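**Student:** A single structure is presented below for examination.
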Amino acid sequence: MEFFAGARVVRLRSFNNKYLMAEHDMKRVSLHRRDAWLGGRWTVDVITDHLNKPALRFQSWCGHYLAVDRKVLRQIPDGFSDHVGWQPLQEGSCVLLRCNLVDYLRAHDSHMPWEPSVTVGTPSWRQHRNWYQWHVEVLETQEQPPIPPPFQPVEATFGTSTPWLPSPPHRPMRPLRRPEELLPPRPWLPSPPHRPMRPLRRPEELLPPRPWLPSPPHRPMRPLRRPEELLPPRPWYPSPPC
1 MEFFAGARVV RLRSFNNKYL MAEHDMKRVS LHRRDAWLGG RWTVDVITDH LNKPALRFQS
61 WCGHYLAVDR KVLRQIPDGF SDHVGWQPLQ EGSCVLLRCN LVDYLRAHDS HMPWEPSVTV
121 GTPSWRQHRN WYQWHVEVLE TQEQPPIPPP FQPVEATFGT STPWLPSPPH RPMRPLRRPE
181 ELLPPRPWLP SPPHRPMRPL RRPEELLPPR PWLPSPPHRP MRPLRRPEEL LPPRPWYPSP
241 PC
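Written out as structure tokens, the structure is:
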């Protein structure tokens, strides 16, 4: 933890002088030779992991956190996940960053364009030990609160009294007024002349009178006919020969 003591913003440089960068898609993490102003800056937060041990949390420029997702290094927006806590382990002038007790931050020496340049793995004492070593460059430090001045007790002086000051003159409190007294008086206005109310009319009185029309002449009803009378008469045909 001494490499990150009092550090607020840091840069992580690998063994081949490449910096850990946060890509602009807010998901991938890679290594670059040239340090970008925003991509290579990581804000450090001290947290407590799921084992109640102090750990570090690295936040990128977009607010996402450095995390391990299925052996692949990613940026995730969840800052309370178990995969964002990193434990720094000192190794000489460098530091190893461990996550989940088994995954270590690793930088590749040579890789294909389609392969990630930074992943996680387990270091070995025989080969490629330097792949897991990182140099910490502190860019900003946390502001320390100002130290308060030392406490100076006040010596009590006996035999001295405070000079007597006369009390201010008593001012009686104004009595509360009723709501009608707070409003200004309303001017007197004469009442309007009385207008008698018109009596209600019946519905037939509200409609205009219907004009008188003479009744149509009486037309007698035609008597009903039998069904055989409604059909036309059938023509007569001679009977066929027997």
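For the sequence shown, UniProt numbering begins at 1 and goes up steadily by one. A virtual CB, placed ideally from N, CA and C, is assigned to each residue, including glycine. If you're wondering where the values come from, they're calculated on a predicted model, not measured in any experiment.
DSSP three-state call for Y104: helix, strand or coil?
**Tutor:** Start at 1 with the first residue of the sequence shown, and residue 104 comes out as number 104. Secondary structure of Y104 (DSSP, three-state): strand.
**Student:** If the criterion is Cβ atoms closer than 7 Å, does the pair F15 and V136 meet it?
**Tutor:** Counting from one through the sequence shown, the residue named residue 15 turns up at place 15. Counting from one through the sequence shown, the residue named residue 136 turns up at place 136. Their beta carbons are not under 7 Å apart, which means F15 does not touch V136 by this criterion.
**Student:** Just to confirm, are W42 and V10 a CB contact at a threshold of 7 Å?
**Tutor:** The count along the sequence shown starts at 1 and reaches residue 42 at position 42. The count along the sequence shown starts at 1 and reaches residue 10 at position 10. Cβ distance < 7 Å, so W42 and V10 count as in contact.
**Student:** Would you call M21 buried or exposed, if buried means 16 or more other Cβ atoms sit within 10 Å of its Cβ?
**Tutor:** The residue you call residue 21 lines up with position 21 of the sequence shown. Burial call: buried.
**Student:** Spatial neighbours of S239 within its chain, please: C-beta separation below 7 Å, excluding the five flanking residues on both sides.
**Tutor:** Taking the sequence shown and counting its residues from 1, one reaches residue 239 at position 239. Around S239: no qualifying Cβ.
**Student:** Taking the C-alpha atoms as reference points, what is the distance between L176 and L182?
**Tutor:** Counting from 1 along the sequence shown, the entry for residue 176 is found at position 176. Counting from 1 along the sequence shown, the entry for residue 182 is found at position 182. The C-alpha of L176 lies about 10 Å from the C-alpha of L182.
**Student:** Let me know the secondary structure DSSP gives P217 once reduced to three states.
**Tutor:** Residue numbering aside, residue 217 sits at position 217 when the sequence shown is read from its first letter. Reduced to three states, the DSSP call for P217 is coil.
**Student:** Identify the continuous beta strand (DSSP E) that holds E23 and give its terminal residues.
**Tutor:** Start at 1 with the first residue of the sequence shown, and residue 23 comes out as number 23. That residue, E23, is in no beta strand (DSSP E); it is neither H nor E in DSSP.
**Student:** Here's a check: name, in chain order, each residue in its chain whose Cβ is nearer than 6 Å to the Cβ of H50, leaving out the five neighbours to either side.
**Tutor:** As a position in the sequence shown, residue 50 is number 50, starting the count at 1. So the list reads D82, once near-sequence residues are dropped.
**Student:** May I ask you to list the residues that DSSP assigns as paired with T119?
**Tutor:** Residue mapping note: residue 119 aligns to position 119 of the sequence shown, counting from 1. DSSP output for T119 lists R106 as bridge partner(s).
**Student:** Report the rounded CA-to-CA distance for Q90 versus G121, giving the unit in angstroms.
**Tutor:** In the sequence shown, counting from the first residue as 1, residue 90 sits at position 90. In the sequence shown, counting from the first residue as 1, residue 121 sits at position 121. So the alpha carbons of these two residues sit roughly 17 Å apart.
**Student:** Counting only runs that start and end within the stretch 170 to 227, where is the alpha helix (DSSP H) found for 4 or more residues in a row?
**Tutor:** 179 to 182 and 203 to 206
**Student:** Would you kindly work out how many angstroms separate the C-alpha atoms of G40 and V102, rounded to a whole number?
**Tutor:** To locate residue 40, count along the sequence shown from 1; it is residue 40. To locate residue 102, count along the sequence shown from 1; it is residue 102. Their backbone Cα atoms lie some 25 Å apart in a straight line.
**Student:** Quick check on E137: does DSSP put it in helix, strand or coil?
**Tutor:** Sequence index remark: in the sequence shown, residue 137 carries index 137 (1-based). Three-state result, E137: strand.
**Student:** To the nearest angstrom, how far is the alpha carbon of M1 from that of I47?
**Tutor:** Position 1 of the sequence shown, counted from the start, is the residue given in the question as residue 1. Position 47 of the sequence shown, counted from the start, is the residue given in the question as residue 47. Distance between the alpha carbons of M1 and I47 is about 12 Å.
**Student:** Could you give the DSSP three-state label for E91: helix, strand or coil?
**Tutor:** Numbered from its first residue, the sequence shown carries residue 91 at position 91. DSSP places E91 in strand when its eight states are reduced to three.
**Student:** Is it true that the CB of S117 sits closer than 7 Å to the CB of L31?
**Tutor:** Indexing the sequence shown from 1 puts residue 31 at position 31. Indexing the sequence shown from 1 puts residue 117 at position 117. It is a contact, given that the beta carbons lie within the stated cut-off.
**Student:** With 16 other CB atoms within 10 Å as the buried threshold, where does A5 fall?
**Tutor:** Taking the sequence shown and counting its residues from 1, one reaches residue 5 at position 5. Exposed, since its Cβ has fewer than 16 Cβ neighbours within 10 Å.
**Student:** Excluding the 5 residues flanking E140 on each side, which residues of the same chain have their C-beta closer than 6 Å to its C-beta?
**Tutor:** Taking the first residue of the sequence shown as position 1, residue 140 is located at position 140. Within the same chain, E140 has close Cβ partners R8 and V9.
**Student:** Quick one: give me the first and last residue of the beta strand (DSSP E) that A5 is part of.
**Tutor:** Locating residue 5 in the sequence shown gives position 5, where the first residue counts as 1. Element bounds for A5: n/a, residue is neither H nor E.
**Student:** For the beta strand (DSSP E) that W42 lies in, which residues bound it at each end?
**Tutor:** Residue mapping note: residue 42 aligns to position 42 of the sequence shown, counting from 1. Start and end: W42 to T48.
**Student:** DSSP on Y65, reduced to helix/strand/coil?
**Tutor:** Translated into positions along the sequence shown, residue 65 becomes position 65. Y65 falls in the strand class under three-state DSSP.
**Student:** Checking 7 Å against the spacing of the C-beta atoms, do Y65 and L96 come in under that value?
**Tutor:** The residue given as residue 65 occupies position 65 in the sequence shown. The residue given as residue 96 occupies position 96 in the sequence shown. Contact: no.
**Student:** How many Å lie between D45 and N130 at the Cα?
**Tutor:** In the sequence shown, residue 45 corresponds to position 45, counting from 1. In the sequence shown, residue 130 corresponds to position 130, counting from 1. Spanning the two alpha carbons is a distance of roughly 26 Å.
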